[in-house]
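First to last, the protein sequences are chains A and B. Mapping of the first sequence onto the working numbering: residues 82 to 231, in sequence order. Mapping of the second sequence onto the working numbering: residues 82 to 231, in sequence order.
There are 2 protein chains.
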Amino acid sequence: MKTNKDYSENLKQSGLKITKQRVAILDILDKSKQPIAAEEVYENLKSNNISINLSTVYRTLELLTSKNLVLKVSIDGNSKSLFETNNMMHKHYLICTECKKILDIYYCPLENYEKELEQETHFKISGHRLDIYGLCPQCQKKINGGKNNI
Amino acid sequence: MKTNKDYSENLKQSGLKITKQRVAILDILDKSKQPIAAEEVYENLKSNNISINLSTVYRTLELLTSKNLVLKVSIDGNSKSLFETNNMMHKHYLICTECKKILDIYYCPLENYEKELEQETHFKISGHRLDIYGLCPQCQKKINGGKNNI
DNA sequence: ATGCAAATGCAAATTATTTGCATTTATTAT
DNA sequence: ATAATAAATGCAAATAATTTGCATTTGCAT
Chain A
82 MKTNKDYSEN LKQSGLKITK QRVAILDILD KSKQPIAAEE VYENLKSNNI
132 SINLSTVYRT LELLTSKNLV LKVSIDGNSK SLFETNNMMH KHYLICTECK
182 KILDIYYCPL ENYEKELEQE THFKISGHRL DIYGLCPQCQ KKINGGKNNI
Chain B
82 MKTNKDYSEN LKQSGLKITK QRVAILDILD KSKQPIAAEE VYENLKSNNI
132 SINLSTVYRT LELLTSKNLV LKVSIDGNSK SLFETNNMMH KHYLICTECK
182 KILDIYYCPL ENYEKELEQE THFKISGHRL DIYGLCPQCQ KKINGGKNNI
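So, in structure tokens, the structure goes:
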């Protein structure tokens, strides 16, 4: 019985008008356990009988990303950009190469490394992106189910 | 006076026919200090008076990537895929957010971390992707040249 | 040299995303 | 509440990157 967050406040604070489309999009993203593509947002809204245009979805996602209410994520091997609500936590992704499920990892192994790298390279490091790939436990079972391990 | 590597052998070993287009593409990639887009490969070939079709470039890059002779790289904020010769070394990218230059980093700070993560998540980790963003020394100067530092 | 599968060129298709413009809607001042 | 207005939306068409179908050409084994 998860109560919806109220996104009106977030929109207002970012100086954006509160429209049913924007609230609905933030709602869909918040309900999704994973980053999803613009088209998925759109289909999702349509099946909830919320009338919206795909270009509005794109425009809104781009806008919300620019206001940091939403994160735009691009995963290797996926030609579409994915979107998720921004909970303002630095994180990384653990991606199953088989079922494409994406898990969030909130521990960051790179904080000290960034400082070292700044000294070595004289870059002013502003951020990084770390995606880790592997097989999730379920997919390992599916694939190695036939006892054909090494 | 850099002598071209002979890519014919690489192609042959991968069971591919040796064509002037393929050799030329590998050559362009090898000459480039950075990953480049399919279209850049194409333009580069044309200015060298090597006749080729853009779709052949795409097909070839995809093929060479599948044979691991070439690496396909996608960088955040760049809508095009980039390609570079695969020197079979594990590496990461340090990307200047201003001039978009890409530096290779051959040290990997994640080897132990992957093992820890396997134990925690029960994923079978197969790889990762790490891109680090920042301002290169030159762009720092350009931007902070007016003494407007903190 | 010949034959044939594989590679290429060309045009057209596809996919993801963006844009221009007319219409509608949310907010602000009345 | 109402009107004014700037911003948001819908719709269709445009664009960018990449892919595909098919006819022609080419590399290579015989």
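Glycine included, every Cβ here is placed at the ideal spot set by N, Cα and C. Owing to the predicted nature of the structure, the values given are computational and were not obtained by experimental measurement.
Next on the checklist: From the DSSP secondary-structure annotation, give me the bridge partner or partners of I176 of chain A.
Outcome noted: The residue labelled residue 176 of chain A in the question sits at position 95 within the first sequence. Bridge partners of I176 of chain A: A:I183, A:Y214.
Next on the checklist: Quick check: I133 of chain A and L126 of chain A, are their CB atoms within less than 8 Å of each other?
Outcome noted: On the first sequence, residue 133 of chain A is found 52 positions in, with the first residue counted as 1. On the first sequence, residue 126 of chain A is found 45 positions in, with the first residue counted as 1. Cβ distance < 8 Å, so I133 of chain A and L126 of chain A count as in contact.
Checklist entry - Can you tell me where the alpha helix (DSSP H) with L144 of chain A in it begins and where it stops? => result As a position in the first sequence, residue 144 of chain A is number 63, starting the count at 1. Note, L144 of chain A: alpha helix (DSSP H), 135 to 147.
Checklist entry - Using a Cβ-Cβ cut-off of 6 Å (strictly less than) and excluding sequence neighbours within five positions of K161 of chain B, which residues of its own chain qualify? => result Looking up residue 161 of chain B in the second sequence gives position 80. So the list reads A118, once near-sequence residues are dropped.
Item to check | For S113 of chain A, the three-state DSSP class (helix, strand or coil) | outcome: The residue labelled residue 113 of chain A in the question sits at position 32 within the first sequence. If DSSP states are grouped into helix, strand and coil, S113 of chain A belongs with coil.
Next on the checklist: Please report the distance separating the alpha-carbon of C220 of chain B from that of L97 of chain B.
Outcome noted: Here residue 220 of chain B refers to the residue found at position 139 of the second sequence. Here residue 97 of chain B refers to the residue found at position 16 of the second sequence. Cα to Cα, C220 of chain B sits roughly 43 Å from L97 of chain B.
Checklist entry - So is Q221 of chain B in contact with chain A if we call contact Cβ pairs under 8 Å? => result Along the second sequence, read from residue 1 onward, the residue named residue 221 of chain B stands at position 140. Cβ-Cβ to chain A under 8 Å: yes for Q221 of chain B.
Checklist entry - Alpha carbon to alpha carbon, what distance is there between T166 of chain A and N129 of chain A? => result What you label residue 129 of chain A is simply residue 48 of the first sequence in a count that begins at 1. What you label residue 166 of chain A is simply residue 85 of the first sequence in a count that begins at 1. Going from the Cα of N129 of chain A to the Cα of T166 of chain A covers about 19 Å.
Item to check | alpha helix (DSSP H) segment containing T202 of chain B, residue limits | outcome: As a first step, residue 202 of chain B is located in the second sequence; it is residue number 121 there, counting from the start. Residues 192 to 202.
Next on the checklist: Could you check whether P116 of chain A and L175 of chain A sit closer than 8 Å to each other, using their CB atoms as the reference points?
Outcome noted: Taking the first sequence and counting its residues from 1, the one referred to as residue 175 of chain A is at position 94. Taking the first sequence and counting its residues from 1, the one referred to as residue 116 of chain A is at position 35. Inclusion of L175 of chain A and P116 of chain A in the CB contact set at 8 Å is not warranted, their separation being larger than that value.
Next on the checklist: At the 8 Å Cβ level, is L216 of chain B part of the contact set with chain A, yes or no?
Outcome noted: Position 135 of the second sequence, counted from the first residue, corresponds to residue 216 of chain B. Any Cβ of chain A closer than 8 Å to the Cβ of L216 of chain B would place that residue at the interface, and such an atom is present.
Item to check | Which of helix, strand or coil DSSP assigns to L152 of chain A | outcome: In the first sequence, the residue the question calls residue 152 of chain A occupies position 71. If DSSP states are grouped into helix, strand and coil, L152 of chain A belongs with the strands.
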